[in-house]
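**Q** Listed in order, the protein sequences are those of chains S and W. Each number in the working numbering corresponds to the 1-based position in the first sequence with 207 added. Each number in the working numbering corresponds to the 1-based position in the second sequence with 207 added.
Protein chains: 2
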Amino acid sequence: MASSKVTPLSGFPELLPAERLLELHFLDTIREVFELHGFAPIETRAVEPVERLVGKGGDTDKEIYAVSRLAARGTDTEAELGLHFDLTVPFARYVLEHAGKLSFPFRRYQIQKVWRGERPQEGRFREFTQADIDVVDLGTLAPHFEAEMPLVIAEAFTRLPVGEFRIQVNNRKIPEGFYLGLGLSDVAGTLRIVDKLDKIGPANIVSLLIESGATQEQAEQCLALAGIRTDDTSFIEQVRALGVEHPTLDEGLAALAAVIETGRSVAPGTLVADLRIARGLDYYTGTVYETQIVGNEDWGSVCSGGRYDALASDGKVTYPGVGISIGVSRLVHLLISHRGLTATRSTPAAVLVAVTDEESRPRSTAIATVLRERGIPCEVAPKADRFGKQIRYADRRGIPYVWFAGARESESGERVDQVKDIRSGEQVDADAATWTCPPADLRPGIRVGE
Amino acid sequence: MASSKVTPLSGFPELLPAERLLELHFLDTIREVFELHGFAPIETRAVEPVERLVGKGGDTDKEIYAVSRLAARGTDTEAELGLHFDLTVPFARYVLEHAGKLSFPFRRYQIQKVWRGERPQEGRFREFTQADIDVVDLGTLAPHFEAEMPLVIAEAFTRLPVGEFRIQVNNRKIPEGFYLGLGLSDVAGTLRIVDKLDKIGPANIVSLLIESGATQEQAEQCLALAGIRTDDTSFIEQVRALGVEHPTLDEGLAALAAVIETGRSVAPGTLVADLRIARGLDYYTGTVYETQIVGNEDWGSVCSGGRYDALASDGKVTYPGVGISIGVSRLVHLLISHRGLTATRSTPAAVLVAVTDEESRPRSTAIATVLRERGIPCEVAPKADRFGKQIRYADRRGIPYVWFAGARESESGERVDQVKDIRSGEQVDADAATWTCPPADLRPGIRVGE
Numbered sequence: 208m209a210s211s212k213v214t215p216l217s218g219f220p221e222l223l224p225a226e227r228l229l230e231l232h233f234l235d236t237i238r239e240v241f242e243l244h245g246f247a248p249i250e251t252r253a254v255e256p257v258e259r260l261v262g263k264g265g266d267t268d269k270e271i272y273a274v275s276r277l278a279a280r281g282t283d284t285e286a287e288l289g290l291h292f293d294l295t296v297p298f299a300r301y302v303l304e305h306a307g308k309l310s311f312p313f314r315r316y317q318i319q320k321v322w323r324g325e326r327p328q329e330g331r332f333r334e335f336t337q338a339d340i341d342v343v344d345l346g347t348l349a350p351h352f353e354a355e356m357p358l359v360i361a362e363a364f365t366r367l368p369v370g371e372f373r374i375q376v377n378n379r380k381i382p383e384g385f386y387l388g389l390g391l392s393d394v395a396g397t398l399r400i401v402d403k404l405d406k407i408g409p410a411n412i413v414s415l416l417i418e419s420g421a422t423q424e425q426a427e428q429c430l431a432l433a434g435i436r437t438d439d440t441s442f443i444e445q446v447r448a449l450g451v452e453h454p455t456l457d458e459g460l461a462a463l464a465a466v467i468e469t470g471r472s473v474a475p476g477t478l479v480a481d482l483r484i485a486r487g488l489d490y491y492t493g494t495v496y497e498t499q500i501v502g503n504e505d506w507g508s509v510c511s512g513g514r515y516d517a518l519a520s521d522g523k524v525t526y527p528g529v530g531i532s533i534g535v536s537r538l539v540h541l542l543i544s545h546r547g548l549t550a551t552r553s554t555p556a557a558v559l560v561a562v563t564d565e566e567s568r569p570r571s572t573a574i575a576t577v578l579r580e581r582g583i584p585c586e587v588a589p590k591a592d593r594f595g596k597q598i599r600y601a602d603r604r605g606i607p608y609v610w611f612a613g614a615r616e617s618e619s620g621e622r623v624d625q626v627k628d629i630r631s632g633e634q635v636d637a638d639a640a641t642w643t644c645p646p647a648d649l650r651p652g653i654r655v656g657e
Numbered sequence: 208m209a210s211s212k213v214t215p216l217s218g219f220p221e222l223l224p225a226e227r228l229l230e231l232h233f234l235d236t237i238r239e240v241f242e243l244h245g246f247a248p249i250e251t252r253a254v255e256p257v258e259r260l261v262g263k264g265g266d267t268d269k270e271i272y273a274v275s276r277l278a279a280r281g282t283d284t285e286a287e288l289g290l291h292f293d294l295t296v297p298f299a300r301y302v303l304e305h306a307g308k309l310s311f312p313f314r315r316y317q318i319q320k321v322w323r324g325e326r327p328q329e330g331r332f333r334e335f336t337q338a339d340i341d342v343v344d345l346g347t348l349a350p351h352f353e354a355e356m357p358l359v360i361a362e363a364f365t366r367l368p369v370g371e372f373r374i375q376v377n378n379r380k381i382p383e384g385f386y387l388g389l390g391l392s393d394v395a396g397t398l399r400i401v402d403k404l405d406k407i408g409p410a411n412i413v414s415l416l417i418e419s420g421a422t423q424e425q426a427e428q429c430l431a432l433a434g435i436r437t438d439d440t441s442f443i444e445q446v447r448a449l450g451v452e453h454p455t456l457d458e459g460l461a462a463l464a465a466v467i468e469t470g471r472s473v474a475p476g477t478l479v480a481d482l483r484i485a486r487g488l489d490y491y492t493g494t495v496y497e498t499q500i501v502g503n504e505d506w507g508s509v510c511s512g513g514r515y516d517a518l519a520s521d522g523k524v525t526y527p528g529v530g531i532s533i534g535v536s537r538l539v540h541l542l543i544s545h546r547g548l549t550a551t552r553s554t555p556a557a558v559l560v561a562v563t564d565e566e567s568r569p570r571s572t573a574i575a576t577v578l579r580e581r582g583i584p585c586e587v588a589p590k591a592d593r594f595g596k597q598i599r600y601a602d603r604r605g606i607p608y609v610w611f612a613g614a615r616e617s618e619s620g621e622r623v624d625q626v627k628d629i630r631s632g633e634q635v636d637a638d639a640a641t642w643t644c645p646p647a648d649l650r651p652g653i654r655v656g657e
């Protein structure tokens, strides 16, 4: 059916089975943690009307993929559709569309593909999977949810083979109030400039700020604020020491202090108050989050989000929310290519049941059936073959055990099954109805490859 | 962010949380069975070059969704892309593209969304999830795989709340050899006519066959073959009794007998030899499968597939395969709307930890943390409130237990936690470190709704 010429599509990477097993380990772990915290699963359709996708700020408009029926092009009267580029925009629409059937506050998780027509580069794909949690309420949203979000993420990341990580938290009201208190009224413009600090360095930030109308002193104050970073609430004193005052600044400092305090009591050492974090998207209005893998800060944030006062509105009711999103594909691909992570085998099978001749296949199938009933994933050898070949077949896939039906004759003259651990070479008598697969071998493990 | 006017998109249905929990139960069960049988997971990108999607027979060309970057329309030099409409075409391409890194025979499962621009109607969607298994090999493929496929499906369906089901099996070589033996050389044309039997009835089939050049007797013989249906190998005698002979017919009968025999020994009563099953798609060359839910035969096949001698070819190597595909979204939507199936709750949380005043929230959070460490999904009440309100909150979501911190004073004057089963009203002392959640309540169950 598929014929010769196949060329990979740039920006649409695909994983080999062992790599996909690694990704599934990530997805399963993340989902388990989300469910332990009582987030309900939903999925939204992959497409939205284009007019709902455009105008969300940044470069997103240029990156939207339009979708139309090939046969109906040009003549179609259907609404113009586009593939969603994140899970927040479709979630907001889902909330409005189904509000009457949802209970608020509504806690949901959503793990799905999204598409962005970006210029492909390492860790930047045109199709990738995101894992999001959000809490959305009617009218007002309790502030404790802003402290909860990063703690759920911390729990997921602690269970994942990512090593040390750091969740950086800020509150948009801090720079907003600070800039206003300084006398800089173009808050968004100032934020946008300071956001480039990592890329262009402090000297250029100061020049740009002065260009946009700030004094030297104001520019330096902005830079000083962005430099504050503490793992406790001492950031408050450091901000106060800059001598700027504004009610919005006070609100922001109190809100951020609450998040950091809760973090310190529940998961010490994971949250950092980092007053440089701004997040590009315009809809954030309070707490914002970014997450870095320690030692690989150059990967950028692998999990980000924040609070929005108006996730959705139907004209009468406003739905404030707070959410955070893990860039799963990005993270997994980076771990594969930079840290050599992979699964210990390329199949879920823990056991290969050998077949010595085709006539005995039903016997091997029966053994496999018993093992599966007991929750042990296994495969029956595809071809009757010598023992050595069967072991090589298992070895190539990383299957740890090979089962030989009736491999040994007992003293009473009966044929006894044996199972071989092909890593150690140890071969022992076994009965499919009672043999225990070591729990560590039941599912593929994770290893650091060559 | 999302504003007022939201209208559902026809053909792109979305599930409410309790319904999505039902769907996840299906997806998890199917995946578990696939993994128990040693199928390795892969995912393919959602898009393929359009030229790879067109020309697969039937109405598929008209139903392809084309994808292009909104910003680059008309000016784009990128390959024209389309959303995949099944998982077989992309799998064939994946095999060719990654052949050097795969081990054959390659057993894979794939659970993903597909898109078809069909006219939306009940159980026919424009976006839906399929769950596929296939085995593909180099050059030749052992026939025992054709018997294995429906047995994996039977195991999955037995674990799912679908009631009685029937997997109908045929072998394309039977009608092919039979028609040739009868002297009808237009095999494809004859198949296409007989395939309409259910829709237009026997009299119309005979007329159409005669119109296409068959004699009355030949037409009646074709109809007689299509009427044969046995749950053992007695179909062979019934075919022989029609007095038609052809070597291809013999091959087909022997192959089908092998599948039915294996089925009877492993999963008695699930496989039926049904000589009418043809499957529309042109690439099937041997065994073909369809699956019906007993009592809801009008839903059509919910799981279909077959054998293809050339799934893919790179000019030098040919890859034969056999596979089967469950139409998960279709099945779940039909069960929801016709049998009222749903999950027993709209959240994964088994416990709501009550909060009596905002000052005691850290205490409730600490209890939740202990429960979660022990694998019990729970939610901390979003708002401090009276006991009755907390119970109503849990009840609305179907959460079976509400936990009250320090609800009772013990004789020694200590505060003791209590947990209430809100279904029975029973409230007992409990300690988060030792309380056992009844296994049936750990995850949402399935129930038949009103």
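All C-beta atoms, glycine included, are put in the ideal place defined by N, C-alpha and C.
Compare the C-beta of W/Ala-289 with all C-beta atoms of chain S and state if any pair is closer than 9 Å.
**A** Counted from its first residue, the second sequence places residue 289 of chain W at position 82. It should be noted that the sequence gives Gly, not Ala, for residue 289 of chain W. It does: the Cβ of W/Gly-289 has a partner Cβ on chain S nearer than 9 Å.
**Q** Grab me the residues of S/Arg-323's own chain with a C-beta within less than 7 Å of its C-beta, minus the 5 sequence neighbours each way, in chain order.
**A** Mapped onto the first sequence, residue 323 of chain S falls at position 116. Excluding positions up to five away in sequence, the list reads Glu-270, Phe-292, Arg-333.
**Q** Which residues in the same chain as W/Gly-512 place their Cβ atom closer than 6 Å to its Cβ, once the five residues preceding and following it in sequence are excluded?
**A** As a working note, residue 512 of chain W is residue 305 in the second sequence. Around W/Gly-512: Tyr-496, Gly-530, Ile-531, Ser-532.
**Q** So, using beta-carbon positions, are S/Gly-528 and S/Leu-358 closer together than 9 Å?
**A** Numbered from 1 along the first sequence, position 321 holds the residue referred to as residue 528 of chain S. Numbered from 1 along the first sequence, position 151 holds the residue referred to as residue 358 of chain S. Cβ distance not < 9 Å, so S/Gly-528 and S/Leu-358 don't count as in contact.
**Q** Are W/Arg-259 and W/Val-302 touching if we call contact CB-CB under 9 Å?
**A** Taking the second sequence and counting its residues from 1, one reaches residue 259 of chain W at position 52. Taking the second sequence and counting its residues from 1, one reaches residue 302 of chain W at position 95. The answer is no: Cβ separation not under 9 Å.
**Q** Should W/Arg-238 go down as buried or exposed, given a rule of 16 or more other Cβ atoms within 10 Å for buried?
**A** Mapped onto the second sequence, residue 238 of chain W falls at position 31. By the 10 Å Cβ count, W/Arg-238 comes out buried.
**Q** Please specify which runs of the alpha helix (DSSP H), each continuous and at least 4 residues long, are wholly inside the stretch 585–623 of chain S, giving them in chain order.
**A** Correct list: 594–604.
**Q** Name the chain W residues whose beta carbon is nearer than 8 Å to that of S/Arg-315?
**A** To locate residue 315 of chain S, count along the first sequence from 1; it is residue 108. Here the neighbours are Pro-224.
**Q** Run through the stretch 361–422 of chain W for me and flag every whole alpha helix (DSSP H) of 4 or more residues, listed as ranges in chain order.
**A** The stretch 361–422 of chain W contains these whole alpha helix (DSSP H) runs: 380–389, 394–401, 404–407, 409–418.
**Q** Check distances from the C-beta atoms of the stretch 243–268 of chain S to those of chain W and list, in chain order, the residues that come in under 9 Å.
**A** The stretch 243–268 of chain S vs chain W, Cβ under 9 Å: Leu-243, His-244, Gly-245, Phe-246, Ala-247, Pro-248, Ile-249, Glu-250, Thr-251, Arg-252, Ala-253, Val-254, Glu-255, Pro-256, Val-257, Arg-259, Leu-260, Val-261, Lys-263, Asp-268.
**Q** With 16 other CB atoms within 10 Å as the buried threshold, where does S/Gln-317 fall?
**A** As a first step, residue 317 of chain S must be located in the first sequence, where it is residue number 110. Buried.
**Q** Is the Cβ-Cβ distance between W/Leu-538 and W/Ile-500 less than 9 Å?
**A** Residue 538 of chain W sits at position 331 when you count from the first residue of the second sequence. Residue 500 of chain W sits at position 293 when you count from the first residue of the second sequence. Against a cut-off of 9 Å, the Cβ pair of W/Ile-500 and W/Leu-538 comes out as a contact.
**Q** Go ahead and label S/Arg-599 buried or exposed: buried means 16 or more other beta carbons lie within 10 angstroms of its beta carbon, across all protein chains shown.
**A** Walking along the first sequence from the start, residue 599 of chain S turns up at place 392. That one is exposed.
**Q** Comparing C-alpha positions only, which one of W/Gly-534, W/Pro-607, W/His-453 sits nearest to W/Thr-551?
**A** Taking the first residue of the second sequence as position 1, residue 551 of chain W is located at position 344. Among W/Gly-534, W/Pro-607, W/His-453, the Cα nearest to that of W/Thr-551 is on W/Pro-607.
**Q** So which of W/Val-535, W/Lys-380, W/Ser-553, W/Glu-444 has the shortest CA-CA distance to W/Tyr-490?
**A** Translated into positions along the second sequence, residue 490 of chain W becomes position 283. Here the closest residue by C-alpha is W/Lys-380.
**Q** I'd like the span of the alpha helix (DSSP H) that includes S/Lys-320, first residue to last.
**A** Along the first sequence, read from residue 1 onward, the residue named residue 320 of chain S stands at position 113. Per DSSP, S/Lys-320 belongs to no alpha helix (DSSP H); it is in the beta strand (DSSP E), 313–322.
**Q** Exposed or buried, which one is W/Ser-441 when buried takes at least 16 other CB atoms within 10 Å?
**A** Taking the first residue of the second sequence as position 1, residue 441 of chain W is located at position 234. Under this definition W/Ser-441 is an exposed residue.
**Q** How many Å lie between W/Asp-481 and W/Leu-404 at the Cα?
**A** Here residue 481 of chain W refers to the residue found at position 274 when the second sequence is read from its first residue. Here residue 404 of chain W refers to the residue found at position 197 when the second sequence is read from its first residue. Computed Cα separation, rounded: 13 Å.
**Q** Taking any Cβ of chain W, which residues in the stretch 299–314 of chain S have a Cβ under 8 Å from it, in chain order?
**A** Residues Ala-299, Arg-300, Tyr-301, Val-302, Leu-303, Glu-304, His-305, Lys-308, Leu-309, Ser-310, Pro-312, Arg-314.
**Q** Under a three-way DSSP split, which group does W/Lys-627 fall into?
**A** Looking up residue 627 of chain W in the second sequence gives position 420. Strand at W/Lys-627.
**Q** Check whether the Cβ atoms of W/Thr-455 and W/Leu-387 sit closer than 9 Å, and answer yes or no.
**A** As a working note, residue 455 of chain W is residue 248 in the second sequence. As a working note, residue 387 of chain W is residue 180 in the second sequence. Yes, the Cβ-Cβ distance between W/Thr-455 and W/Leu-387 is below 9 Å.
**Q** Using 9 Å as the limit for Cβ to Cβ distance, is W/Arg-593 near chain S?
**A** Looking up residue 593 of chain W in the second sequence gives position 386. Answer no: the Cβ-Cβ gap between W/Arg-593 and chain S never drops below 9 Å.
**Q** For W/Val-274, return the contacting residues in chain S, with the cut-off set at a CB-CB distance below 9 Å.
**A** Against the second sequence, residue 274 of chain W aligns to sequence position 67. Result: Tyr-272, Ala-273, Val-274, Ser-275, Leu-290, Trp-322.
**Q** For the stretch 584–609 of chain S, enumerate the residues whose C-beta is nearer than 9 Å to any C-beta of chain W, in chain order.
**A** Correct list: Pro-584, Cys-585, Glu-586, Val-587, Pro-589, Lys-590, Tyr-600, Arg-603, Arg-604, Ile-606.
**Q** Please list the partners that S/Arg-579 has in chain W, where partner means a Cβ-to-Cβ separation under 9 Å.
**A** By one-based count along the first sequence, residue 579 of chain S stands at place 372. Chain W residues near S/Arg-579: Val-240, Leu-243, His-244, Glu-362.
**Q** Taking the alpha helix (DSSP H) that S/Glu-226 belongs to, which residues open and close that run?
**A** Mapped onto the first sequence, residue 226 of chain S falls at position 19. That run of the alpha helix (DSSP H) goes 224–243.
**Q** Any chance the stretch 576–595 of chain W sits against the stretch 372–379 of chain S, with 3 or more Cβ pairs inside 8 Å?
**A** No, because fewer than three Cβ pairs between the stretch 576–595 of chain W and the stretch 372–379 of chain S fall closer than 8 Å, the two stretches do not touch.
**Q** What is the rounded straight-line gap between the Cα of W/Ala-421 and the Cα of W/Ser-520?
**A** In the second sequence, the residue the question calls residue 421 of chain W occupies position 214. In the second sequence, the residue the question calls residue 520 of chain W occupies position 313. So the alpha carbons of these two residues sit roughly 36 Å apart.
**Q** Against W/Ala-556, what residues of chain S qualify as contacts under a CB-to-CB distance less than 7 Å, listed in chain order?
**A** The residue labelled residue 556 of chain W in the question sits at position 349 within the second sequence. Within 7 Å Cβ-Cβ: Gly-245.
**Q** I'd like to confirm the pairing. Which residues does DSSP put opposite W/Leu-292 in its beta bridges?
**A** Along the second sequence, read from residue 1 onward, the residue named residue 292 of chain W stands at position 85. Checking the sequence shown, residue 292 of chain W turns out to be Phe, not Leu. W/Phe-292 is not bridged to any residue.
**Q** Please decide whether W/Ser-735 counts as near chain S, where near means a Cβ-Cβ distance under 9 Å.
**A** The first residue shown for chain W is 208 and the last is 657, placing residue 735 of chain W beyond what the model contains.
**Q** How far does the beta strand (DSSP E) with W/Arg-276 in it extend, from its first residue to its last?
**A** Numbered from its first residue, the second sequence carries residue 276 of chain W at position 69. Element bounds for W/Arg-276: 272–276.
**Q** Can you tell me whether S/Asp-624 is buried or exposed? The criterion is at least 16 other CB atoms within 10 Å of its CB, across all chains shown.
**A** For the purposes of this step, residue 624 of chain S is taken as residue 417 along the first sequence, with counting starting at 1. Buried, since its Cβ has 16 or more Cβ neighbours within 10 Å.
**Q** Please list, in chain order, the chain W residues whose beta carbon lies closer than 7 Å to that of S/Glu-658.
**A** One cannot answer for residue 658 of chain S here, as it falls past the ends of chain S, which runs 208 to 657.
**Q** Please determine, among S/Arg-314, S/Phe-246, S/Pro-256, the residue with the shortest C-alpha to C-alpha distance to S/Asp-344.
**A** Translated into positions along the first sequence, residue 344 of chain S becomes position 137. That would be S/Arg-314, whose Cα lies nearest to the Cα of S/Asp-344.
**Q** Distance, Cα to Cα, W/Ala-363 vs S/Leu-228?
**A** On the second sequence, position 156 is the one that residue 363 of chain W refers to. On the first sequence, position 21 is the one that residue 228 of chain S refers to. Taking the straight line joining both Cα atoms gives about 21 Å.
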